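Working notes, structure below.
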DNA sequence: GGCGACTTCCTATGGCCCATAGGTTGCAGC
DNA sequence: GCTGCAACCTATGGGCCATAGGAAGTCGCC
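Protein chains in written order, with the UniProt record's numbering: chain F, 1 to 193; chain E, 1 to 193.
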């Protein structure tokens, strides 16, 4: 029988593409095997389990998201950077919903520290926020809130959570604007804390 | 053989409890059947499919969440209401993670309009926001953003998304404070739009 | 060239889950 | 007591995850 001649990365990209097409939770060993044209148990020559396959997608997706954000952020600062970051983030979530979901699965401390994508996204986020005048603790609080807002927005959007006729794009733009104002006027910013 | 004498609501609460215990995605017909002490196919006397079972949990959970929020909101207004709402929301998500997840599954327009829980949560949210001076469009934008922030925060928190040593409770409190400021200073608030 | 080791891939099997088909039994109402 | 329904059953099949154990292609080395 003809060898397909797979490499691990090919398996992961196939899984990631499938995730974007049918949803991350429907990424299954048998489905990926079908796509690759091999029998189901043959998958175990490339991955140890379905969980590991999904973690592979997570790491890949984080790398790609980091690339998108890095590109958007290049040469920008302040509010300009915030808008570019947010738009790149949402764009990624919309075009690659499966990959986006994957970036939010639980990884161990160990796995997370080895995922350069996750690390880079974190670093770029922190760097962007230094434009605002926030103390150490405030910085973490603000990062957590903004991250929550962006993640929440694109998550709710993806599941059709915004039923009101109001244009979602408009809400997004105004929301980012409001977040910028919030960061500028962060409570007790500048005061001792 | 002794009849268990089930009613549909008993099946749904068992499923909801299971969801809180092991995760909403692990709510399975066979697991619920085991808990109830009946054979797997007997489940089909009570629900049409696993999807319908999960939708039942979603409707139940929304009702309970609406109750929690309603109780927290009683007699409060303005910032006080925002804080009470947010805390009740997060408290629910923490104590009933499976139910919380359930409230975010996709329902049809039809199902949504018949879920009084979902309706009540929406209505209470809108009512709470009337304390802030926002135009029609701004109101929707603000509701969407705050909903995103709260949902995003509790979601990220539940998956261990906040790795930094900074106290998460502190971030939460300061975040709500910042959201209040943001709503008060909403961009172009009061201006023609 | 040919031998061995590794890798890729296979069939067979079993467990768990969803779902349907078709039968049995308890109970309510006449 | 009989009828009809609702609650429950066994049997079966399909999809998925996973392991066991074997076959075949490929590479290095003599």
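By construction, the Cβ of each residue, glycine as well, lies at the ideal position given by its N, Cα and C atoms.
No experiment lies behind these values; they were computed from the predicted model shown.
- Contact between the segment 129–138 of chain E and the segment 123–133 of chain F is absent: fewer than 3 CB-CB pairs across the two stretches fall below 8 Å.
- In terms of CA proximity to residue 11 of chain E, E/35 leads the group E/111, E/23, E/35.
- With at least 16 other beta carbons inside 10 angstroms of its own, residue 140 of chain E counts as buried.
- Residue 60 of chain F and residue 52 of chain F have their C-alpha atoms roughly 12 Å apart.
- Setting aside the 5 residues that flank it on each side, residue 163 of chain F has no residue in the same chain whose C-beta is closer than 6 Å to its C-beta.
- Assigned with DSSP and collapsed to three states, residue 129 of chain E falls in helix.
- With contact defined as three or more Cβ pairs closer than 8 Å, the segment 38–57 of chain F and the segment 99–111 of chain F are in contact.
- Identification of residues in the segment 145–161 of chain F having a C-beta nearer than 9 Å to some C-beta of chain E yields 145, 146, 147, 148, 149, 150, 151, 152, 153, 154, 155, 156, 157, 159, 160, 161, given in sequence order.
- One Cα belongs to residue 9 of chain E, the other to residue 71 of chain E, and the distance between them is close to 23 Å.
- Straight-line measurement puts the Cα of residue 152 of chain F at about 20 Å from the Cα of residue 19 of chain F.
- With three or more CB-CB distances shorter than 8 Å, the segment 70–86 of chain E counts as touching the segment 161–181 of chain E.
- Listed in chain order, the alpha helix (DSSP H) runs fully inside the segment 15–69 of chain E are 29–36, counting runs of at least 4 residues.
- Sequence-distant Cβ neighbours of residue 31 of chain F in its own chain, meaning closer than 7 Å and more than five residues away, are 18.
- Within the same chain, 88, 92 come within 6 Å of residue 68 of chain F by CB-CB distance, once the 5 residues on both sides are set aside.
- Rounded to whole angstroms, the separation of the alpha carbons of residue 149 of chain F and residue 148 of chain E is 5 Å.
- Residue 185 of chain E is not a Cβ neighbour of residue 50 of chain F, given a cutoff of 7 Å.
- Annotation for residue 147 of chain F: the continuous alpha helix (DSSP H) segment containing it runs 136–158.
- Among the residues of chain E, those whose CB is under 7 Å from the CB of residue 164 of chain F are 140, following chain order.
- 7 Å or more divides the Cβ of residue 137 of chain E from the Cβ of residue 66 of chain E.
- Listed along chain F is no residue with a C-beta nearer than 7 Å to that of residue 43 of chain E; the closest approach is about 22 Å.
- Under the DSSP assignment, residue 173 of chain F falls in the alpha helix (DSSP H) whose first and last residues are 168–184.
- Within 9 Å of the CB of residue 97 of chain F, no CB atom of chain E is found; the nearest one sits about 13 Å away.
- Within its own chain, the residues whose Cβ lies closer than 7 Å to the Cβ of residue 58 of chain E, once the five positions on either side in sequence are excluded, are 102, 103, 105, 107, listed in chain order.
- The straight-line gap separating the alpha-carbon atoms of residue 158 of chain E and residue 40 of chain E is approximately 31 Å.
- Within chain F, the residues placing a beta-carbon under 9 Å from that of residue 175 of chain E are 141, 142, 144, 145, 148, ordered along the chain.
- For residue 24 of chain F, the CB contacts under 6 Å within the same chain, skipping 5 residues up- and downstream, are 98, 101, 102 in chain order.
- The CB of residue 182 of chain F comes closer than 7 Å to the CB of 178, 181, 182 in chain E, given here in chain order.
- When DSSP states are grouped into helix, strand and coil, residue 164 of chain F belongs to the coil group.
- Secondary structure of residue 75 of chain F (DSSP, three-state): coil.
- Residue environment: residue 113 of chain F is assigned as exposed (fewer than 16 neighbouring CB atoms within 10 Å of its CB, all protein chains considered).
- Membership of residue 107 of chain F in any alpha helix (DSSP H) is not indicated, and neither H nor E is assigned to it by DSSP.
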